[in-house]
């Protein structure tokens, strides 16, 4: 490997760093998935030009069949549950291309556009907007403030702020094909404009998403055809008014009545109401309660345990969470209309600006600490209010770690997630076990009811809690996320987690429930290279990555 290391050192700019020791590589080998891969080296890229140089070296090495290696690009390396920073395969030596130091941000406030490089995290963008007094919402996710904006968009992630589908908000991108050749749109290539600070360069390209000629930007999403070095996204401005709503439904059988009401809400108030989350009792408890079996126990909660904790914390069977953005008058009218709509079923309504929430925060925040030591009920109320407030921050585009508590449900090393304010939480570093089952479900009440029964029957067979969330992105589109949380230090728990995910996927496919994202292991065994779609992908791969050097196996079955 010494020759490979020398070859890399010879092409890198002075500020980029080559990491080769076991200690230096260790952080990149940590994942939440219970998977193992080997990596040979890591390049912490400080100059975008180094990306092309590394790709060209990898291609030349492949052609000469000497010192061959493949390249695995990462932004923040926090793709929790899908691979974290691990490569899909490690048949050849793998060089991780760490792009986290590329943090340039360029805002065009007149047009609500911002251009970011791969290393820009949710927190980076939030801090930048605050420093520049720019009144925009960061496209937040529950993955946490240290996760990159760019990688989430090109993986087609989504959130709960107004621009829910994050790649849909991408208006242009630049990068390199796997050959090392630079990519920009036809409009960008034709644009001859210049500006001293670069802010007004490519304005036409950045404002007109569809470009000129064939639309190629999408080829960079969920693929290994190239590396994206910048994206421009449309930011949602903070509205004059905002209100979140929480609807509690205490009858589990009312799911079939809930769904049409959510559909009507999303139809009637498109652009005003963001995505709507529908979560079951167990999923809510994972946010507010501690694991009653202890984090090290490889067993699910009993029905009695669930009901006891739910009664203690007033947790309903189903919780509907949504957001309303707009002018004050519009928000108030829509809130009244939604409340009127949901009166068709038996439920309890809470708005974020309600007197109950305001009074609760006022009392809890001014209560002396000794009172909490005397009452577990007060502690529970404080936890719930804190989670409520942090959840609202995410809805307003301020990133935080509130959703990461889920990953610690079965973590024996860190049982006091909510109490340790000094710990910098990293679910991979803290050895949390997390996988995701994320199928698309038809927004038909009977179909969703059948899916719920399927998940609740399947997960406990493998000692996995059936935490269920439906994210209603539009009136006709639902993605359900089932977090498979396990103790990654327990080999039996790791096996059960993967077996559970495999059964959910394979049996779900028979029902038409197809995942919209796959982890690096699933991509190897689930996708069929002989299907026409993947044959077409292989033709593209042969053209853009003829030597198969860029993340081999990533959404490209062999």
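Residue numbers (our numbering): -14 to 543. Ideal placement from N, C-alpha and C gives every residue a C-beta, glycine not left out.
>> I need the straight-line Cα distance from residue 406 to residue 268, nearest angstrom please.
In response: Start at 1 with the first residue of the chain shown, and residue 406 comes out as number 421. Start at 1 with the first residue of the chain shown, and residue 268 comes out as number 283. With a pLDDT of 47 at residue 406, under the threshold of 50, the modelled position of that residue is not reliable, and no figure is offered here.
> With respect to the alpha helix (DSSP H) encompassing residue 274, which residues constitute its N-terminal and C-terminal limits?
Replying inline: Mapped onto the chain shown, residue 274 falls at position 289. No alpha helix (DSSP H) holds residue 274; DSSP gives it neither H nor E.
> residue 452: buried (16+ other C-beta within 10 angstroms of its C-beta) or exposed?
Replying inline: In the chain shown, counting from the first residue as 1, residue 452 sits at position 467. By the 10 Å Cβ count, residue 452 comes out buried.
>> Please identify the residue among 78, 477, 175 and 224 whose C-alpha is closest to the C-alpha of residue 536.
In response: Counting from one through the chain shown, the residue named residue 536 turns up at place 551. When only C-alpha atoms are compared, the closest one is 78.
> Any Cβ of chain D within less than 8 Å of the Cβ of residue 39?
Replying inline: Reference to chain D is not applicable here, since this structure consists of a single protein chain.
>> Going by the DSSP bridge assignment, what does residue 226 pair with across the sheet?
In response: The residue you call residue 226 lines up with position 241 of the chain shown. For residue 226, which the question treats as bridged, DSSP gives the partners 311.
> Which whole-angstrom value is the C-beta distance of residue 241 and residue 303, which I expect to be below 8 Å?
Replying inline: Sequence index remark: in the chain shown, residue 241 carries index 256 (1-based). Sequence index remark: in the chain shown, residue 303 carries index 318 (1-based). Contact doesn't hold; Cβ gap of about 11 Å is too wide.
> Any idea what DSSP makes of residue 115, helix, strand or coil?
Replying inline: Position 130 of the chain shown, counting from 1, holds the residue named residue 115. Residue state, collapsed to three classes: helix.
> Would you call the CB atoms of residue 105 and residue 133 closer than 8 Å?
Replying inline: In the chain shown, the residue the question calls residue 105 occupies position 120. In the chain shown, the residue the question calls residue 133 occupies position 148. The answer is yes: Cβ separation under 8 Å.
> Are the Cβ atoms of residue 167 and residue 206 separated by less than 8 Å?
Replying inline: Here residue 167 is taken as the residue at index 182 of the chain shown, counted from 1. Here residue 206 is taken as the residue at index 221 of the chain shown, counted from 1. No. Outside cutoff.
> Hey, would you say residue 266 sits closer than 8 Å to residue 332, going by beta carbons?
Replying inline: Against the chain shown, residue 266 aligns to sequence position 281. Against the chain shown, residue 332 aligns to sequence position 347. Cβ atoms of residue 266 and residue 332: not closer than 8 Å.
> Residue range of the alpha helix (DSSP H) that residue 192 falls in?
Replying inline: As a first step, residue 192 is located in the chain shown; it is residue number 207 there, counting from the start. Note, residue 192: alpha helix (DSSP H), 188 to 192.
> If you drop the 5 nearest sequence neighbours on each side, which residues of the same chain put their C-beta closer than 8 Å to that of residue 584?
Replying inline: The question about residue 584 has no answer, for the chain in this structure spans -14 to 543.
> Which residues bound the beta strand (DSSP E) around residue 561?
Replying inline: This structure cannot settle anything about residue 561, because the visible part of the chain is limited to -14 through 543.
> Quick one, are the C-beta atoms of residue -8 and residue 52 less than 8 Å apart?
Replying inline: One-based indexing of the chain shown puts residue -8 at position 7. One-based indexing of the chain shown puts residue 52 at position 67. Closer than 8 Å, so yes.
> What are the boundary residues of the alpha helix (DSSP H) that includes residue 53?
Replying inline: Position 68 of the chain shown, counted from the start, is the residue given in the question as residue 53. Taken as a continuous stretch (DSSP letters only), residue 53 belongs to no alpha helix (DSSP H), as it is neither H nor E.
> By DSSP, does residue 65 sit in helix, in strand, or in coil?
Replying inline: Start at 1 with the first residue of the chain shown, and residue 65 comes out as number 80. Reduced to three states, the DSSP call for residue 65 is coil.
> In terms of residue numbering, what span does the alpha helix (DSSP H) encompassing residue 448 cover?
Replying inline: As a working note, residue 448 is residue 463 in the chain shown. Unbroken run through residue 448: none, as it is neither H nor E.
>> Just list the residues that DSSP pairs residue 336 with in beta bridges.
In response: Taking the chain shown and counting its residues from 1, the one referred to as residue 336 is at position 351. For residue 336, DSSP records a beta bridge to 230.
> Got a sec? Which residues, its chain only, sit under 8 Å from residue 492 by beta carbon, not counting five neighbours each side?
Replying inline: Taking the chain shown and counting its residues from 1, one reaches residue 492 at position 507. Cβ within range, chain order: 439 and 443.
> Counting Cβ pairs, one atom from each stretch, are 3 or more of them under 8 Å apart for the stretch 194 to 206 and the stretch 156 to 167?
Replying inline: yes
> If you check the beta carbons only, do residue 259 and residue 312 fall under 8 Å apart?
Replying inline: Taking the first residue of the chain shown as 1, we reach residue 259 at position 274. Taking the first residue of the chain shown as 1, we reach residue 312 at position 327. The answer is no: Cβ separation not under 8 Å.
> Between the beta-carbon of residue 509 and the beta-carbon of residue 73, is there less than 8 Å?
Replying inline: On the chain shown, residue 509 is found 524 positions in, with the first residue counted as 1. On the chain shown, residue 73 is found 88 positions in, with the first residue counted as 1. Going by C-beta atoms, residue 509 is nearer than 8 Å to residue 73.
> Helix, strand or coil for residue 484 per DSSP?
Replying inline: Counting from 1 along the chain shown, the entry for residue 484 is found at position 499. Residue 484: helix per DSSP, three-state reduction.
> Is DSSP giving residue 394 helix, strand or coil here?
Replying inline: Residue numbering aside, residue 394 sits at position 409 when the chain shown is read from its first letter. In the structure shown, residue 394 adopts coil according to DSSP, grouped into three states.
>> Contact between the stretch 418 to 431 and the stretch 220 to 231 is defined here as three or more beta-carbon pairs at a separation below 8 Å; is this criterion met?
In response: By the C-beta criterion, the stretch 418 to 431 is judged not to be in contact with the stretch 220 to 231, since fewer than 3 inter-stretch pairs fall below 8 Å.
> Around the C-beta of residue 131, are 16 or more other C-beta atoms found within 10 angstroms, so that it is buried, or is it exposed?
Replying inline: On the chain shown, residue 131 is found 146 positions in, with the first residue counted as 1. So residue 131 counts as buried.
> Within this structure, are the beta carbons of residue 384 and residue 111 separated by less than 8 Å?
Replying inline: Working through the chain shown from its first residue, we reach residue 384 at position 399. Working through the chain shown from its first residue, we reach residue 111 at position 126. Their beta carbons are under 8 Å apart, which means residue 384 touches residue 111 by this criterion.
> Would the stretch 133 to 150 and the stretch 456 to 476 be scored as touching if the rule is three or more Cβ pairs under 8 Å?
Replying inline: yes
> On the premise that residue 280 lies in contact with residue 397, defined as a C-beta separation below 8 Å, what is that separation, rounded to the nearest angstrom?
Replying inline: Position 412 of the chain shown, counting from 1, holds the residue named residue 397. Position 295 of the chain shown, counting from 1, holds the residue named residue 280. Their Cβ separation, rounded to whole angstroms, is 5 Å, which keeps residue 397 and residue 280 in contact under 8 Å.
> So what's residue 121 in DSSP terms, helix, strand or just coil?
Replying inline: Walking along the chain shown from the start, residue 121 turns up at place 136. DSSP places residue 121 in strand when its eight states are reduced to three.
> Where does residue 607 fall in DSSP's three states?
Replying inline: Because the chain spans -14 through 543 in this model, residue 607 falls outside it and cannot be assessed.
> Does the distance from the C-beta atom of residue 30 to that of residue 36 stay below 8 Å?
Replying inline: Counting from one through the chain shown, the residue named residue 30 turns up at place 45. Counting from one through the chain shown, the residue named residue 36 turns up at place 51. It is a contact, given that the beta carbons lie within the stated cut-off.
>> Among 416, 528 and 249, whose alpha-carbon lies nearest the alpha-carbon of residue 462?
In response: Within the chain shown, residue 462 is the residue found at index 477, counting from 1. Closest by alpha carbon: 249.
> To which residues of the same chain is residue 417 closer than 7 Å at the C-beta, ignoring the five residues directly before and after it?
Replying inline: Taking the chain shown and counting its residues from 1, the one referred to as residue 417 is at position 432. Excluding sequence neighbours, residue 417 sits near 17, 392, 393, 396 and 473.
> Are the beta-carbon atoms of residue 274 and residue 305 separated by less than 8 Å?
Replying inline: For this step, residue 274 is matched to residue 289 along the chain shown. For this step, residue 305 is matched to residue 320 along the chain shown. Their beta carbons are not under 8 Å apart, which means residue 274 does not touch residue 305 by this criterion.
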